[in-house]
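Q: Quick note: the sequence shown uses the working numbering, first residue 36, plus one each step.
The beta-carbon is built from N, C-alpha and C at its ideal position, and this holds for glycine as well.
Every value quoted in this text rests on a predicted model; they were computed, and no experiment measured them.
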Amino acid sequence: MKVRTVFGAAIVAVGVSTGAFSVGVGSAGADTVDRADVICWGLSPNIVDLPYAGRIAAYQWDATPGRPTIEITSAQPSIWGYQTNPAIRWTNLATGESGEAVGSGRVGLGSTNPVFFLHLPTGAGPVRVDLTTVNAGPIQVPPVHCSGVIDIR
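Now the structure itself:
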């Protein structure tokens, strides 16, 4: 069965710094946080800016087993700022269930404003998350692609 979930701008935690997510802050209400073992590197659309570095993380709560909130965060701030448009495609490697979600956010100086995809129906088990991010700014740069596996309970 294929599920397609589309989210517009689902931005939460405006103004949270990059360092906050690298130490796990923001997961206080979550029972578990799992990060895909990958960082998606790409050019900033400002070229002379810090590079784009996307991270994939899943937050899970007891009330929603098999329905994680997937977070895409830029691990690098931007001196001039730009629009980031992540799209994820997930596939449960145990059941074959799949779906996609798209979002939008902003990467700026001092904050990386994560994009959240809330309670995706991935099901439990190993879930591959394929991330494609289009970053928009003064210069058109190639999309960033990467994937990682997260164990969803």
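Exposed or buried, which one is Asp84 when buried takes at least 16 other CB atoms within 10 Å?
A: So Asp84 counts as buried.
Q: Looking at the structure shown, is Ile82 part of a helix, part of a strand, or coil, going by DSSP?
A: If DSSP states are grouped into helix, strand and coil, Ile82 belongs with coil.
Q: Within 10 angstroms of the Cβ of Gly59, are there 16 or more other Cβ atoms? Answer buried if so, exposed if not.
A: With a pLDDT of 35 at Gly59, under the threshold of 50, the predicted position of this residue should be treated as unreliable, though the coordinate-derived value follows. Exposed, by the Cβ-count rule.
Q: By Cβ distance below 7 Å, which residues in the same chain neighbour Gly183 in space, the five residues on each side in sequence not counted?
A: Ala71, Asp72, Val73, Ile91, Val164, listed in sequence order.
Q: Going by DSSP, name the residue or residues bridged to Trp125.
A: Beta-bridge pairing links Trp125 to Gly134, Val164.
Q: Roughly how many whole angstroms lie between the Cα atoms of Ser139 and Gln118?
A: Straight-line Cα distance between these residues: approximately 7 Å.
Q: Express the C-alpha separation of Ala98 and Pro121 in angstroms, rounding to a whole number.
A: If you take the alpha carbons of Pro121 and Ala98, they lie about 26 Å apart.
Q: Taking DSSP as the reference, what is the three-state secondary structure of Arg188?
A: DSSP places Arg188 in coil when its eight states are reduced to three.
Q: Quick check: is the beta carbon of Leu153 nearer than 8 Å to any beta carbon in chain C?
A: In summary, chain C is missing from the structure at hand, where a single protein chain is found.
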